[in-house]
Amino acid sequence: MSEPQRLKPVFPQDPKWPGEGSSRVPFWAYTREDLYKRELERLFYANHWCYVGLEAEIPNPGDFKRTVIGERSVIMVRDPDGGINVVENVCAHCGMRFCRERHGNAKDFFCPYHQWNYSLKGDLQGVPFRRGVKQDGKVNGGMPKDFKLEEHGLTKLKVAARGGAVFASFDHDVEPFEDCACTTAR
23 MSEPQRLKPV
33 FPQDPKWPGE
43 GSSRVPFWAY
53 TREDLYKREL
63 ERLFYANHWC
73 YVGLEAEIPN
83 PGDFKRTVIG
93 ERSVIMVRDP
103 DGGINVVENV
113 CAHCGMRFCR
123 ERHGNAKDFF
133 CPYHQWNYSL
143 KGDLQGVPFR
153 RGVKQDGKVN
163 GGMPKDFKLE
173 EHGLTKLKVA
183 ARGGAVFASF
193 DHDVEPFEDC
203 ACTTAR
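If you count by our numbering, then the sequence shown holds residues 23 to 208, one letter each, in order.
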């Protein structure tokens, strides 16, 4: 989405509700799909930090919590190095939500559909039958020769933690969390 488009107000500055007056918001303002999509973009996906959980909810490597930002399912997970990652809960191959549990502990994540395997940092680690299957002296299927695992990881969100709270953004160009959050006593 272009910069002017993503900053465009959802509603006009001085809304006029034909036949409704200025004190009653018409039903269509709550039900129009285009306005809803614009609200999602403005409030959750573009240029915003969203709360996803508490560091205390994932104290150990492999601990994860599934939650949502807007309409998109995400996973907050503690990696083996102690870092916190937030990834979209959507397989890069088939678009299926792969994590069904609300919270738990995992060594890695698998998509149940084709068994693509992702690290706790969201990197693609493996693909079954990547080189195909040899049958009757012939190789069938498999990924193209130029297929690179590092180009097919999960969507990774930008992450910031402050005072034990974890925030994430789909927008990697979002202003630094410290610049937009209220300062806290140190």
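We put the beta carbon where it would ideally sit given N, CA and C, even for glycine.
What does DSSP give as the partner residue(s) for Asp-168 in the beta ladder? Reading the sequence shown from its first residue, position 146 is the one you call residue 168. According to DSSP, which records beta bridges pairwise, Asp-168 is partnered with nothing at all.
Could you check the C-alpha separation between Pro-134 and Phe-120 for me, to the nearest Å? Numbered from 1 along the sequence shown, position 112 holds the residue referred to as residue 134. Numbered from 1 along the sequence shown, position 98 holds the residue referred to as residue 120. Cα to Cα, Pro-134 sits roughly 6 angstroms from Phe-120.
For Ala-78, does the three-state DSSP call read helix, strand or coil? The residue you call residue 78 lines up with position 56 of the sequence shown. Here Ala-78 sits in helix by DSSP.
Do you know how far the Cα of Ile-91 is from the Cα of Arg-184? On the sequence shown, residue 184 is found 162 positions in, with the first residue counted as 1. On the sequence shown, residue 91 is found 69 positions in, with the first residue counted as 1. Cα-Cα distance, rounded: 18 angstroms.
Starting from Leu-146 and walking both ways along the alpha helix (DSSP H), at which residues does that stretch end? Your numbering for residue 146 matches position 124 in the sequence shown. Per DSSP, Leu-146 belongs to no alpha helix (DSSP H); it is in the beta strand (DSSP E), 146-148.
Any contact between the segment 140-155 and the segment 107-118? By contact I mean 3 or more CB pairs, one from each, below 8 angstroms. yes
Report buried or exposed for Thr-53, applying the criterion of at least 16 other Cβ atoms within 10 angstroms of its Cβ. Working through the sequence shown from its first residue, we reach residue 53 at position 31. Classification for Thr-53: exposed.
Proximity below 9 angstroms, CB of Phe-192 to CB of Arg-94: For this step, residue 192 is matched to residue 170 along the sequence shown. For this step, residue 94 is matched to residue 72 along the sequence shown. Yes. Within cutoff.
Round the Cβ separation of Val-181 and Val-188 to the nearest angstrom and send it over; I've been treating them as touching at under 8 angstroms. The residue labelled residue 181 in the question sits at position 159 within the sequence shown. The residue labelled residue 188 in the question sits at position 166 within the sequence shown. Indeed, because the Cβ distance is near 7 angstroms, the residues count as touching under 8 angstroms.
Cβ-based neighbour list, Ala-78, same chain, cut-off 8 angstroms, excluding 5 preceding and 5 following: Numbered from its first residue, the sequence shown carries residue 78 at position 56. Once the five neighbours on either side are set aside, the close Cβ partners of Ala-78 are Gly-186.
Quick one: measure Cβ to Cβ for Gly-154 and Ala-114, integer angstroms, because I've assumed they're closer than 8 angstroms. Numbered from 1 along the sequence shown, position 132 holds the residue referred to as residue 154. Numbered from 1 along the sequence shown, position 92 holds the residue referred to as residue 114. Incorrect: roughly 20 angstroms between the Cβ atoms, too far for contact.
Given that a residue counts as buried once 16 or more other Cβ atoms are within 10 Å of its Cβ, and exposed if not, what is Ala-190? Position 168 of the sequence shown, counted from the first residue, corresponds to residue 190. By the neighbour-count rule (16 or more Cβ atoms within 10 Å), Ala-190 is buried.
Can you check the segment 81-160 for any beta strand (DSSP E) of at least 3 residues that lies completely inside it and give the ranges in chain order? 85-91, 94-100, 106-110, 125-127, 146-148, 155-157
Exposure label - Met-98; buried when at least 16 CB within 10 Å: Looking up residue 98 in the sequence shown gives position 76. By the neighbour-count rule (16 or more Cβ atoms within 10 Å), Met-98 is buried.
Report the residue from Asp-56, Val-149, Phe-66 whose alpha carbon sits nearest the alpha carbon of Pro-166. Start at 1 with the first residue of the sequence shown, and residue 166 comes out as number 144. Closest by alpha carbon: Val-149.
Own chain residues within Cβ distance below 6 angstroms of Arg-124, not counting five before or after: Residue mapping note: residue 124 aligns to position 102 of the sequence shown, counting from 1. Excluding sequence neighbours, Arg-124 sits near Arg-88.
Distance CB(Arg-100)-CB(Asp-85) smaller than 9 angstroms: The residue you call residue 100 lines up with position 78 of the sequence shown. The residue you call residue 85 lines up with position 63 of the sequence shown. For Arg-100 and Asp-85, yes; Cβs fall inside 9 angstroms.
Would you decide whether Val-74 is buried or exposed? Buried here means 16 or more other CB atoms lie within 10 Å of its CB. In the sequence shown, counting from the first residue as 1, residue 74 sits at position 52. It counts as buried.
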